[in-house]
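Structure, as structure tokens:
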Amino acid sequence: MSWEIAGQSMEMCNCKMLCPCWFGPEIEPDEGWCGAALAFDIQRGNSGAVDLAGTKVALLAEWPGNFFEGNGKARLYFEETASAEQRDALEKIFSGSDGGPLEPLFEAVVDEWLPAQVAQLDIDWGESPSLCVGDIGKATLVRLKDGAGQATTVTGAAAQAGFQFASMDLASSSGSHWSDPDLRNWEGNSGTLHEFSWNN
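Numbering (my numbering), first residue to last: 95 to 294.
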């Protein structure tokens, strides 16, 4: 099935600042293991005849060590307002089973996909972007800026190539917490903000 999606995304993890997994497999995560949450706000897109504009997806995952070493476990969450057709299309795209850039990435780093769930999913893109996934977790990100108020931006990090993020703005996610009963609970400080445009 051909598809295309584009929008804004955010990432948080249980490291301090910045998550070292972005830079390659040689660096150990701050806690020795990695817990991560990502959210995707799809502003335009479709999968075949299924309109995906306005839908949202969250992903919660854990790895026993560095992200690049694999053996990850992950779950996708879809918002309550998404139709069954939209959820089916989104699950195929974001698990990588419908091709595109996430297919080789997640084949390499995720060994176990837990059953997807439906939850209230709120994303806000104000000055301090925020995410809430039902009773699973929430976070508020504070962008890092220089003295002139310009965003602190990273380009060329190894994991950015896998996600095809051209650049990412750094943010603090201090106070974020995540507690899926089938994954390790964690709190974190690291955060990044990006734009994505993917297709297959």
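All C-beta atoms, glycine included, are put in the ideal place defined by N, C-alpha and C.
None of the values given here were measured: they were computed from a predicted structure.
Run of the beta strand (DSSP E) containing residue i, from where it starts to where it stops
i, result
"Leu264", "Met262 to Trp272"
"Asp205", "Val204 to Trp207"
"Glu233", "Note on identity: in this sequence residue 233 is Ala, with Glu being the wrong assignment. Counting along the chain, the beta strand (DSSP E) containing Ala233 begins and ends at Gly231 to Thr234."
"Leu277", "Counting along the chain, Leu277 falls outside any beta strand (DSSP E), and DSSP gives it neither H nor E."
"Gln211", "Gln211 to Ala213"
DSSP state of residue i mapped onto helix, strand, coil
i, result
"Arg138", "strand"
"Gly256", "helix"
"Glu221", "coil"
"Cys107", "strand"
"Glu120", "coil"
"Cys226", "strand"
Contact check, residue i vs residue j, beta carbons under 8 Å
i, j, result
"Glu98", "Gly139", "yes"
"Leu170", "Ala210", "yes"
"Ala155", "Gly148", "no"
"Asn294", "Gly194", "yes"
"Ser103", "His271", "no"
"Ala360", "Leu215", "Outside the modelled stretch of the chain, which goes from 95 to 294, sits residue 360, for which no answer is possible."
"Thr234", "Gly269", "yes"
"Trp127", "Gly159", "yes"
Classification of residue i by the beta-carbon crowding that lies within 10 angstroms, buried from 16 upward
i, result
"Val204", "buried"
"Met95", "exposed"
"Asp274", "buried"
"Lys150", "buried"
"Thr286", "buried"
"Trp116", "buried"
"Asp276", "exposed"
"Glu174", "exposed"
"Asn279", "exposed"
The ligand MN heavy atom lying under 7 Å from the CB of residue i
i, result
"Gly220", "The ligand content of the structure shown is nil, which means the ligand MN is not present either."
Ordered list of alpha helix (DSSP H) runs contained in the segment 122-198, each at least 4 residues:
178-189
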